[in-house]
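What follows is a single structure, written as structure tokens, with notes after it.
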Amino acid sequence: MSSNVTTMRANLAPEEEKSPEARAAGAMSAFAQEIGALSAFRLESCIHCGICAEACHFYIATEDPKYTPIWKVEPFKQAYKREASAFAPVFRLFGLKPKVTAGELEQWQHLLYDSCNMCGRCSLICPMGIDVAALIEQARHAMFEAGLAPKELYQKAAHQKQTGQPEVSTEPYRDKLLVIGQEYGVEIPLDKTEVDVMLCVPRTDIEHYPKAVAALARVMQHLGVSCTFRSDGLVAENYGYYAGSKTWQRDISLRLIEQAIACKAKVLLVPECGHAYAALRWEAADMYGKPLPFEVRHVSEFLAEQLEVGNLKLRIAKTGATTFQDPCELVRKGGVTNAPRALMKALGIELHEMKNHGEFSFCCGGGGGVVDIERAAPLRYRTMENKLREINDTDAQTFLTSCSDCRRTFDDARKHFNWDKTPGSLLELVADNLAVDEGAMS
Amino acid sequence: MDLLELARGPALKVAVVVFCVGVVWRIVNIILLHYRRNFNEPRNGFAKSVLGGIKVAGSRSWPHPEFIPRTGAGEALGYSYHIGLFIVILAFGPHITFFGSFVGVRWPNLPSGVITIASVLTFTLLLAVLFRRVTNRVLRMLSNFDDYFSWFVTTLVIVTGMMTTAHFGGPYQTLLGLHILSFDLLLIWFPFGKLMHSFYIFPSRSLNGALLSRKGAAS
Chain P
1 MSSNVTTMRA NLAPEEEKSP EARAAGAMSA FAQEIGALSA FRLESCIHCG
51 ICAEACHFYI ATEDPKYTPI WKVEPFKQAY KREASAFAPV FRLFGLKPKV
101 TAGELEQWQH LLYDSCNMCG RCSLICPMGI DVAALIEQAR HAMFEAGLAP
151 KELYQKAAHQ KQTGQPEVST EPYRDKLLVI GQEYGVEIPL DKTEVDVMLC
201 VPRTDIEHYP KAVAALARVM QHLGVSCTFR SDGLVAENYG YYAGSKTWQR
251 DISLRLIEQA IACKAKVLLV PECGHAYAAL RWEAADMYGK PLPFEVRHVS
301 EFLAEQLEVG NLKLRIAKTG ATTFQDPCEL VRKGGVTNAP RALMKALGIE
351 LHEMKNHGEF SFCCGGGGGV VDIERAAPLR YRTMENKLRE INDTDAQTFL
401 TSCSDCRRTF DDARKHFNWD KTPGSLLELV ADNLAVDEGA MS
Chain W
443 MDLLELARGP ALKVAVVVFC VGVVWRIVNI ILLHYRRNFN EPRNGFAKSV
493 LGGIKVAGSR SWPHPEFIPR TGAGEALGYS YHIGLFIVIL AFGPHITFFG
543 SFVGVRWPNL PSGVITIASV LTFTLLLAVL FRRVTNRVLR MLSNFDDYFS
593 WFVTTLVIVT GMMTTAHFGG PYQTLLGLHI LSFDLLLIWF PFGKLMHSFY
643 IFPSRSLNGA LLSRKGAAS
């Protein structure tokens with residue numbers, strides 16, 4: 001791993017001017033502050049059985065032991081034992097657990113960011129029941145405080161915190177949204193002041209999959225739901241979550257929360273974006289410091305509910321044999337397993353499940369911000385080979401998912417591998433098959 | 443004071459005190475750390491979350507079928523020697539007499555022939571566990587002094603126990619003294635290392651299981 005250090009130094013976030021000692025101290029201090037009873041319990045419970053490696057696609061693809069999930073938090077286990085465990089004074093007195101060095105942390109940047117999708121598959125296999133993914137998320141917080149977030153994630157998070165958009169765009173997303181509405185012939189509800197549902201959108205969809213944006217608006221219009229996008233809270237993604245900055249994650253979440261409150265929304269609807277769902281559904285309220293005055297729902301969840309009460313009626317979609325990529329943050333970690341399948345059933349889809357599907361599905365490989373980290377691409381492609389094989393083995397003609405980052409990752413793999421499948425959006429398929437006379441969207 | 447008197451007298455008393463104080467302190471130290479309140483809207487209520495925790499406490503004893511092809515052999519090895527240890531510790535007549543004197547209850551024992559077979563199998567499995575730890579690249583990388591020393595003190599008790607029952611290697615009194623001393627050593631080491639997992643395993647599974655169940659997440 002030491003050979004990678006130079007490369008990683010070049011990828012440090014702008015806080016790299018901090019001295020190595022200050023970086024290490026910052027990381028350990030941030031980690032120590034976050035160590036509550038729950039995290040301590042998780043760290044203490046590990047028996048070094050190594051079983052978590054067998055759930056991780058980075059290890060399965062490479063058989064390199066350094067990709068063992070619990071090893072990815074090894075410096076933080078060491079820091080916990082030295083600073084906060086029951087026998088911490090003994091460890092310090094006899095030098096049994098040395099201080100974690102800045103060099104070690106730099107090496108761990110690759111393990112915590114490039115080679116972990118935070119997909120949580122390892123958390124399902126641990127015989128001690130440890131939620132390893134939760135520990136990794138905490139370790140990322142510490143890495144960020146140490147100025148060790150990869151530059152791509154750092155820059156996107158910083159930009160999103162400042163402007164609401166994770167990157168500079170040719171025109172503001174608000175304007176792009178309106179253009180998408182015109183192109184697809186659908187009204188984009190914008191900046192209404194009193195609605196039932198507030199909508200937001202992945203910037204991935206705005207930039208790469210505009211039809212998905214139009215599909216969201218079209219479906220809501222079809223359902224007759226009072227809803228709006230808000231100019232000051234458009235982007236669903238949260239790069240603070242990926243980069244590991246709790247402060248920026250909170251600020252980015254607050255932008256949406258404030259807008260949802262401003263338009264008196266009863267529901268904040270998360271579009272097809274897995275990590276946005278995790279950040280808003282499971283973490284935003286904690287950052288807000290009290291329960292949110294509205295519900296947070298993923299669009300597939302919302303549509304499945306509408307289906308169940310009879311508000312949503314769908315035509316049979318002629319997709320042929322179809323397989324579905326379960327977004328980890330949505331399904332395994334978020335509990336939204338049945339909703340996409342209920343929608344596919346209503347669409348009459350002949351679903352060919354992958355060998356590992358549902359809660360046990362492998363990540364697309366791009367989750368956790370990995371798809372944004374340029375230097376991680378070779379490892380990501382290697383990891384994805386197994387996933388593509390599983391998809392091919394289903395003999396499905398159509399390939400769907402319900403997460404724009406999954407979609408982007410597979411699109412990238414399609415180009416890299418000359419793969420013959422194009423990832424489609426379940427939401428777009430729903431919008432194309434609404435049981436009305438409007439016909440399919442162009 | 444001979445070796446046996448030392449082992450089951452002052453040495454045992456010291457070991458029991460270290461064990462009890464150490465275990466309690468290690469658990470209390472965790473409990474005293476801070477807790478964070480969950481403000482997010484749960485998918486499942488308190489009762490269902492608790493039930494989910496209880497379920498995971500049991501269900502994690504067996505891997506999900508999706509994982510068995512990759513983990514089955516390793517887990518079988520791990521569970522086998524644990525079962526062997528339980529049989530030898532809890533079903534051997536003299537052990538029942540020893541532990542029974544502390545708890546005031548006695549229970550039926552297994553024939554000594556069965557215990558001998560269980561001991562030999564357990565010892566063999568412990569050797570296999572060590573072999574796997576040093577040859578498997580993942581395990582070797584994860585392992586530290588705690589892993590090897592915990593293995594050593596556990597195996598030492600088994601080995602001295604087998605020597606004692608077989609009257610092999612010295613006078614019975616000396617062998618029994620060594621066996622009890624090795625048990626004292628295990629008790630003293632217990633709170634400092636990974637042997638504590640016997641106290642953590644079910645609370646850990648339950649707690650994480652309950653939190654996952656609260657979200658309706660996979661567990």
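Residue numbers (the working numbering), protein chains in the order written: chain P, 1 to 442; chain W, 443 to 661. Cβ atoms here follow ideal geometry from the backbone N, Cα and C, with glycine treated the same way.
When secondary structure is reduced to three states using DSSP, methionine 198 (chain P) falls in the strand class. For a cut-off of 8 Å, the C-beta gap from methionine 220 (chain P) to valine 197 (chain P) is around 7 Å, short enough to register as a contact. Under the Cβ criterion (8 Å, minimum of three pairs), the region 126–134 of chain P does not count as touching the region 377–391 of chain P. Under a criterion of Cβ atoms nearer than 9 Å, no residue of chain W is adjacent to lysine 318 (chain P); the nearest Cβ is some 32 Å distant.
Cβ atoms of alanine 212 (chain P) and asparagine 238 (chain P) stay farther apart than 8 Å, at about 18 Å. Excluding its 5 nearest sequence neighbours in each direction, valine 336 (chain P) has C-beta neighbours in its own chain below 8 Å: Tyr277, His298, Ser300, Glu301 and Leu330, listed in chain order. With fewer than 16 other CB atoms across the displayed protein chains lying within 10 angstroms of its CB, valine 456 (chain W) is exposed. A direct Cα-Cα distance of roughly 58 Å separates alanine 157 (chain P) from leucine 454 (chain W).
The region 612–624 of chain W makes no contact with the region 465–472 of chain W: fewer than 3 CB pairs, one atom from each, lie closer than 8 Å. Check the Cα spacing between arginine 579 (chain W) and each of P:Ala61, P:Gly50, P:Lys72 and P:Phe87: the tightest is with P:Gly50. The residue among P:Phe94, P:Pro20, P:Glu385 and P:Asp232 with its C-alpha nearest the C-alpha of threonine 101 (chain P) is P:Pro20. It is roughly 10 Å from the alpha-carbon of proline 127 (chain P) to the alpha-carbon of serine 45 (chain P). In the displayed model, glutamate 295 (chain P) falls within a strand according to three-state DSSP. For cysteine 49 (chain P), a Cβ of chain W is located within less than 8 Å of the residue's own Cβ. Taking each of P:Ala142, P:Gln78 and P:Gly120 in turn and checking the Cα distance to aspartate 588 (chain W), the smallest one comes out for P:Gln78.
At a cut-off of 8 Å between C-beta atoms, glycine 424 (chain P) does not count as an interface residue with respect to chain W. Per DSSP, the beta bridge partners of cysteine 227 (chain P) are P:Val197. In the displayed model, phenylalanine 509 (chain W) falls within coil according to three-state DSSP, outside both helix and strand. With a threshold of 8 Å between beta carbons, methionine 583 (chain W) makes contact with chain P. The residues Lys313, Leu314 and Arg315, in chain order, have a CB closer than 7 Å to that of alanine 435 (chain P) in the same chain once the five nearest residues on each side in sequence are set aside. Leaving aside the five residues that flank alanine 260 (chain P) on each side, the residues in its chain whose CB is nearer than 6 Å to its CB run, in chain order, Met198, Leu268 and Phe294. With distances taken between CA atoms, isoleucine 125 (chain P) lies nearest to W:Pro511 out of W:Asn480, W:Pro511 and W:Thr564.
Taken through DSSP and simplified to helix, strand or coil, threonine 401 (chain P) comes out as strand.
According to the DSSP assignment, valine 132 (chain P) belongs to the alpha helix (DSSP H) that extends over 132–145. Glycine 424 (chain P): member of the beta strand (DSSP E) spanning 423–425, first to last residue. Rounded to whole angstroms, the gap between the alpha carbons of arginine 485 (chain W) and glycine 334 (chain P) is 9 Å. For valine 90 (chain P), there is no enclosing beta strand (DSSP E); the residue is part of the alpha helix (DSSP H) that begins and ends at 88–93.
For the pair of segments examined, the region 526–544 of chain W was found not to touch the region 21–29 of chain P: the number of CB pairs separated by less than 8 Å stays below three.
In the three-state reduction of the DSSP assignment, valine 235 (chain P) falls in the strand class. Per the DSSP secondary-structure output, phenylalanine 594 (chain W) pairs with nothing in a beta bridge. Secondary structure at phenylalanine 324 (chain P): strand, using DSSP grouped into helix, strand and coil. At least 8 Å separates the beta-carbon of serine 123 (chain P) from that of tyrosine 67 (chain P). 8 Å or more divides the Cβ of serine 404 (chain P) from the Cβ of aspartate 232 (chain P). The C-alpha of arginine 656 (chain W) lies about 10 Å from the C-alpha of tryptophan 282 (chain P). In this structure, proline 271 (chain P) sits near leucine 216 (chain P), with a CB-CB distance shorter than 8 Å. Against chain W, a Cβ distance below 8 Å from aspartate 286 (chain P) picks out Arg478, Arg479, Asn480, Phe481 and Asn482.
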